[in-house]
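Here the structure is laid out as C-alpha cells; the discussion comes afterwards.
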Amino acid sequence: MKDLLIVGGGPGALSAGVYAARRELDITLVTKEFGGHVAETDKVENYLGFNSIQGMDLAKKFENHLRDYDIDIQEDIEVEKLYQENSKVVAELNNSEKVEAKTAIVASGSDRIKLDVPGEEKFRNKGVTYCAVCDGPLFQDQNVAIIGGSNSGIKSALYLSKIAKKVYVIEVLDKLGGEKISIDELKQKDNVEIITKAKVKEIFGQEDVEGLKYEDENNKEKSIDVEGVAIEIGLTPNSDFVKVDKGEKGEIKVDDKMKTSSNRIFAVGDINDKGWDQIAVAVGQGCNAALEVEEIINKQ
Amino acid sequence: MSKKVKIYTTPICPNCEMAKKFFKKKDIEYEEIDIFEDKEKAKEMVEKSGQKRVPVIEIDGEVFSGFNKKEIEKTLEK
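As you go down the protein sequences, you meet chains H and B in turn.
Residue numbering for the first sequence is 549 to 848, as defined by our numbering.
Residue numbering for the second sequence is 9 to 86, as defined by our numbering.
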C-alpha cells in the first residue's frame, strides 16, 4: 500500500508532492493533466520570485520540479471515486484500476462556472469560450466580451486587448474586483470598455456568436455586437468523486490542517472551503497537508 | 503507412500541449500550426472544424475539434 495518494496536477498537488517526496514517502499521483488554471493564464505577476511569467511556463516549472523526484505518476487518468475505508484510502480510477494508500491529498481544483443564459450552450465553441487565452487568437481584430470582472476576467481582458479590436468587460457588480494594479492597467487601454452593474441576458447569432444582450443598471435592455464571449464568472470545485463532507457549492470542508471529515483525506487549493483561489494559497496548503500526512505515517 | 498529422494550436493552450505530448509519446510526427502567427491558417482551421476552438487535429484529412484522446487513438488504429 502507498503512503500517500495525490489527486491533481495543479500547484496544490505538486507542492504536496515535492514536500512529501522530500520526506521520502511512497507516493502515487493521479491526474487528468498537469497545469490547472495556472496554465490557462497569460501572465502571472503575483507569485513570489517571478516578477512576470507566462502561466504555462510556471506550470511547467512546477511539473518539472515534481518530476525531479521518484514518484509514481499516473497521467491522463481520472479518479472516479475516492473514499476512506477504515484506516486506508481507496481510489477507483477510470481505467478500472484501484489505488490504495494510507492517506490522500485531493487537489483536483475547479471548473469554470457557466453563465446559464440562452445561447451559451448553442454557441459554445462558436464564439463562446471558457478559456479566453487559449481561444483568444481566433478573435484577432474582432470585438469580444469578457463576462466577469474579477481577477481572472481582468487578466483575460488584458491579454485580449492586445489581440482583439475591442474588448468589453461586463461585470454584474458596481465595480471590478481583483488586483488594483491590473484594474488600473486595464483602464489605460484605449480599446477596452468596462460596463458595470450589467446582467447578461442572452448570447445571440446565426451560425456563430454575433452579439449579446444585457440589462443595464436602469433595467434597460442593451445589446452589443461581439464575435466572441469569454465567460470568467468564477470556479466551482471539482469534488463530486470524493466522499467527504462538503458545503453547498461542493467545496470540501477542511480544518486548519487541511484535513477533511475523513481523517486520512486532505483537500487543498480551489477545491476546499479555506482561503482564496490563488497559486500561493494552493502551494501553502499543499505543503501543510503533506507535512500533516507525514505525521500520520510516522505515528504508525 | 505513417499518417499525416496536423495540429492547429495557440501559444497558451493546455489542451494543445496535451495533444502534442500525446503524439510525441507515440513517436508520431506532426506538423504544428500556430494560428496566432498566421491569420489565414486560423481561418482555414475554423472552416475545417466549423468551430472556434483549439486545438484542431487533422489526421489524414479527418478533422477533430478539441483533444479527445480516445477518439484520436481509434483513428490512429484504423
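Glycine is no exception: its CB is placed at the ideal position from the N, C-alpha and C atoms.
Taking DSSP as the reference, what is the three-state secondary structure of residue i?
i      : result
H:S709 : helix
H:V740 : strand
H:F752 : strand
H:S730 : helix
H:Q622 : strand
H:N691 : strand
H:G507 : Residue 507 of chain H cannot be examined here, being either before or after the span of chain H that is shown, 549 to 848.
H:D551 : strand
H:S700 : helix
H:S810 : coil
H:N820 : strand
B:Y16  : strand
H:G584 : helix
H:K714 : strand
H:K761 : strand
H:A778 : strand
B:E48  : helix
H:T579 : strand
B:I36  : coil
H:A746 : coil
B:M30  : First, the residue type needs correcting, since residue 30 of chain B is Phe and not Met in the sequence shown. It is helical.
H:E719 : coil
B:T83  : helix
H:V802 : coil
H:I601 : strand
B:K94  : For residue 94 of chain B there is no data in the structure shown, the boundaries of chain B being 9 and 86.
So with CB distances below 9 Å, who are the chain H contacts of residue i?
i     : result
B:T18 : V681, C682, D683, G684, P685, L686
B:V13 : None at all; the shortest Cβ gap to chain H is about 18 Å.
Could you check how far apart the C-beta atoms of residue i and residue j are, in whole angstroms? I think they sit under 8 Å.
i      : j      : result
H:L553 : H:V586 : H:L553 to H:V586, Cβ: 22 Å. No contact.
H:G557 : H:E588 : 13 Å between Cβ atoms; not a contact.
H:E763 : H:K747 : 5 Å
H:G657 : H:G584 : 5 Å
B:Q59  : H:N691 : Actually they do not touch by this definition, with Cβ atoms about 19 Å apart.
H:F789 : H:E628 : 6 Å
H:E665 : H:K749 : Note that residue 665 of chain H corresponds to Val in the displayed sequence, not to Glu. At roughly 6 Å, the Cβ-Cβ gap stays under 8 Å, so H:V665 and H:K749 are in contact.
H:A680 : H:A778 : 4 Å
H:G560 : H:G817 : 3 Å
B:Q43  : B:K49  : This sequence places Ile at residue 43 of chain B; Gln is not what is there. The Cβ separation is near 5 Å, so the contact holds.
H:K791 : H:L630 : 7 Å
Taking residue i as the query, report the chain H residues whose CB atoms sit under 7 Å from its CB, ordered along the chain.
i     : result
B:V62 : C682, D683
B:F72 : Neighbours of B:F72 on chain H: none; closest Cβ ~12 Å, over 7 Å.
B:A27 : None at all; the shortest Cβ gap to chain H is about 11 Å.
Give me the chain B residues within the contact set of residue i, using Cβ-Cβ distance strictly less than 9 Å, ordered along the chain.
i      : result
H:K932 : This structure cannot settle anything about residue 932 of chain H, because the visible part of chain H is limited to 549 through 848.
H:Q602 : P19, I20
H:A587 : I20, C21, P22, E25
Along chain B, which residues have their Cβ under 7 Å away from the Cβ of residue i?
i      : result
H:E581 : P22, M26
Heavy atom of the ligand GDP less than 7 Å from the Cβ of residue i, yes or no?
i      : result
H:M806 : Among the components of this structure there are no ligands whatsoever, and the ligand GDP is therefore not found.
Three or more C-beta pairs closer than 8 Å, one from the stretch 605-614 of chain H and one from the stretch 549-566 of chain H: is that the case here? yes
Touch check for the stretch 635-653 of chain H and the stretch 591-603 of chain H: three-plus C-beta pairs under 8 Å? no
Taking three-plus beta-carbon pairs below 8 Å as touching, is the stretch 691-706 of chain H in contact with the stretch 737-751 of chain H? yes
Do the stretch 711-726 of chain H and the stretch 686-698 of chain H make contact, defined as three or more Cβ pairs closer than 8 Å? Three or more beta-carbon pairs separated by less than 8 Å link the stretch 711-726 of chain H to the stretch 686-698 of chain H, which places the two stretches in contact.
Length-filtered (4 minimum) alpha helix (DSSP H) runs lying within the stretch 603-688 of chain H: Counting whole runs of 4 or more residues, the stretch 603-688 of chain H contains the alpha helix (DSSP H) stretches 603-615, 680-683.
On the three-pair Cβ rule with 8 Å, is the stretch 673-687 of chain H touching the stretch 765-782 of chain H? yes
Count the C-beta pairs between the stretch 10-19 of chain B and the stretch 831-847 of chain H that are closer than 8 Å, then say yes if the count reaches three, no if not. no
Counting pairs of beta carbons, one from the stretch 821-839 of chain H and one from the stretch 651-658 of chain H, are three or more of them closer than 8 Å? yes
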